[in-house]
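Inspection log for the structure reproduced underneath, given as structure tokens.
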Amino acid sequence: MCVRWQGISSSYFKISNGVRQGGILSPFLFRYYVRDLIRHITSSKRGCHLYNMRSNLLAYADDIVLLAPSWHGLQKLLNIILAAANEADLRFNRAY
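Quick note on this note's numbering: the sequence shown kicks off at 413 and runs consecutively.
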């Protein structure tokens with residue numbers, strides 16, 4: 413595979429994991445795995461409280477933001493989502 417942009421192609425490289433974008437099973441598999449991660453976090457009873465409502469996660473497409481009132485609370489949420497991801501054999505990319 414290579415990347416082509418504005419008529420210029422990159423060198424070829426091998427893709428060894430992941431789900432093909434646009435594949436017929438991609439949306440189902442993504443929903444199946446991400447829904448389980450979200451369920452683990454939202455059922456944890458940890459996060460920020462605003463107007464008697466708990467918020468601990470923002471998710472859109474393949475981006476997830478964890479919300480906590482302290483670094484200690486955030487670490488607990490990270491531990492929960494990491495354990496859930498390990499159970500599903502998923503790995504995270506960190507944003508910079």
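Ideal Cβ placement from N, Cα and C applies to all residues, glycine included.
Here R451 carries a helix assignment [DSSP, helix/strand/coil]. By the criterion of a C-beta distance shorter than 8 Å, A471 is surrounded in its chain by V446, I450 and V477, once the five residues flanking it on both sides are discounted. With contacts defined as CB atoms closer than 8 Å, I492 and I436 fail to qualify as a contacting pair. Exclusion of the five residues before and after S421 leaves C414 and V415 as the residues of its chain whose Cβ lies within less than 8 Å of its Cβ. By the Cβ neighbour-count rule, R443 is exposed, with fewer than 16 other Cβ atoms within 10 Å of its own. With a contact defined as Cβ atoms closer than 8 Å, L479 and C460 qualify at about 5 Å.
Ranked by Cα distance from H484, the options S467, D475, N498 and R458 are led by R458. Distance from D448 to A500 at the Cβ level is roughly 6 Å; contact confirmed, criterion being Cβ atoms closer than 8 Å. L469: not part of any alpha helix (DSSP H); member of the beta strand (DSSP E) spanning L469 to Y472, first to last residue. Around the beta carbon of N468, 16 or more other beta carbons sit within 10 angstroms, so the residue counts as buried.
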